[in-house]
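Asks: In this note's numbering, the protein residues as written are 43 to 228.
The C-beta atom is built at its ideal place from N, Cα and C for all residues, glycine as well.
All figures in this text were calculated on a predicted structure; none of them were measured in a lab.
Got a structure for you, written out below as structure tokens; questions coming shortly.
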């Protein structure tokens, strides 16, 4: 049995995938069960391929095979980075956001279920006036609740296409809110 450089590359790739699976046992490293299974299968496939192909005399390998170990190396690098950040008490790098970027959250208020005077109606009115409300939320509110259209029109986050639609409806309160908004912008 002769081992060429390519078989050693396959063997190293299998060992590196096994290292990823082993690293996932550390308490600071989080991998899903599906990821662990995928990396375990990858380790087994590469290790078995190295042994089987080493027993065959004339095997021609593609040149990019030499890049195969980079995949588990990158995965290990990310796991190590996240473990180090976690050890320092910070959030993972991928979950950090700039504090200046507003985060828009989907509304949990059922738009269609809000009846006038109900707590959900009051919450919906507050959301219609909230500058962090998404354009989709504002459109749903304006469509489902004609009595809140003026509030939506006065919201600085209301997109231009929704303002055009609201203006075309012909409600004087909506026109007043849009003109107030336009004069405040000047």
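What residue does the alpha helix (DSSP H) around residue 86 start on, and which one ends it?
Replies: Per DSSP, residue 86 belongs to the alpha helix (DSSP H) from 75–96.
Asks: Can you give the Cα-Cα distance for residue 93 and residue 127, rounded to whole angstroms?
Replies: Going by the C-alpha atoms only, they are around 38 Å apart.
Asks: Among 210, 211, 205, 164, which has the Cα closest to the Cα of residue 223?
Replies: Of the candidates 210, 211, 205, 164, the one whose C-alpha sits nearest the C-alpha of residue 223 is 205.
Asks: Can you give me the Cβ contacts of residue 78 inside the same chain, cut-off strictly under 7 Å, excluding the 5 residues immediately before and after it?
Replies: Result list for residue 78: 63, 66, in chain order.
Asks: For residue 196, I'd like the list of residues in its chain whose CB is within less than 6 Å of its CB, leaving aside the five on either flank, ordered along the chain.
Replies: For residue 196, where only same-chain residues beyond five positions count, the Cβ hits under 6 Å are 219, 223.
Asks: Work out the CA separation of residue 199 and residue 80 for me, nearest whole Å.
Replies: The straight-line gap from Cα to Cα measures roughly 44 Å.
Asks: Please list the terminal residues of the continuous alpha helix (DSSP H) segment that includes residue 44.
Replies: Taken as a continuous stretch (DSSP letters only), residue 44 belongs to no alpha helix (DSSP H), as it is neither H nor E.
Asks: In this structure, how does DSSP classify residue 59 when only helix, strand and coil are distinguished?
Replies: Residue 59 falls in the helix class under three-state DSSP.
Asks: Grab me the residues of residue 91's own chain with a C-beta within less than 6 Å of its C-beta, minus the 5 sequence neighbours each way, in chain order.
Replies: Here the set comprises 52.
Asks: Cβ of residue 71 within 8 Å of Cβ of residue 121?
Replies: Cβ atoms of residue 71 and residue 121: closer than 8 Å.
Asks: Please go through the same chain and pick out, in chain order, the residues whose beta-carbon is closer than 7 Å to the beta-carbon of residue 85, but skip the five residues on each side of it.
Replies: Closer than 7 Å at Cβ, skipping near neighbours: 56, 59, 60, 63.
Asks: Compute the beta-carbon to beta-carbon distance between residue 209 and residue 193, rounded to the nearest angstrom, for a pair I have assumed lies under 8 Å.
Replies: Not really, about 15 Å apart at Cβ, beyond 8 Å.
Asks: How would you label residue 102, buried or exposed, when you count the other beta carbons within 10 angstroms and need 16 or more for buried?
Replies: Residue 102 comes out exposed.
Asks: Residues in the same chain with beta-carbon distance under 8 Å from residue 116, minus the five sequence neighbours each way, listed in chain order, please.
Replies: Answer for residue 116: no residue qualifies.
Asks: What whole-angstrom Cβ distance do residue 7 and residue 163 have, given they're in contact under 8 Å?
Replies: The structure shown does not extend to residue 7, since the chain is modelled only from 43 to 228, so the question has no answer here.
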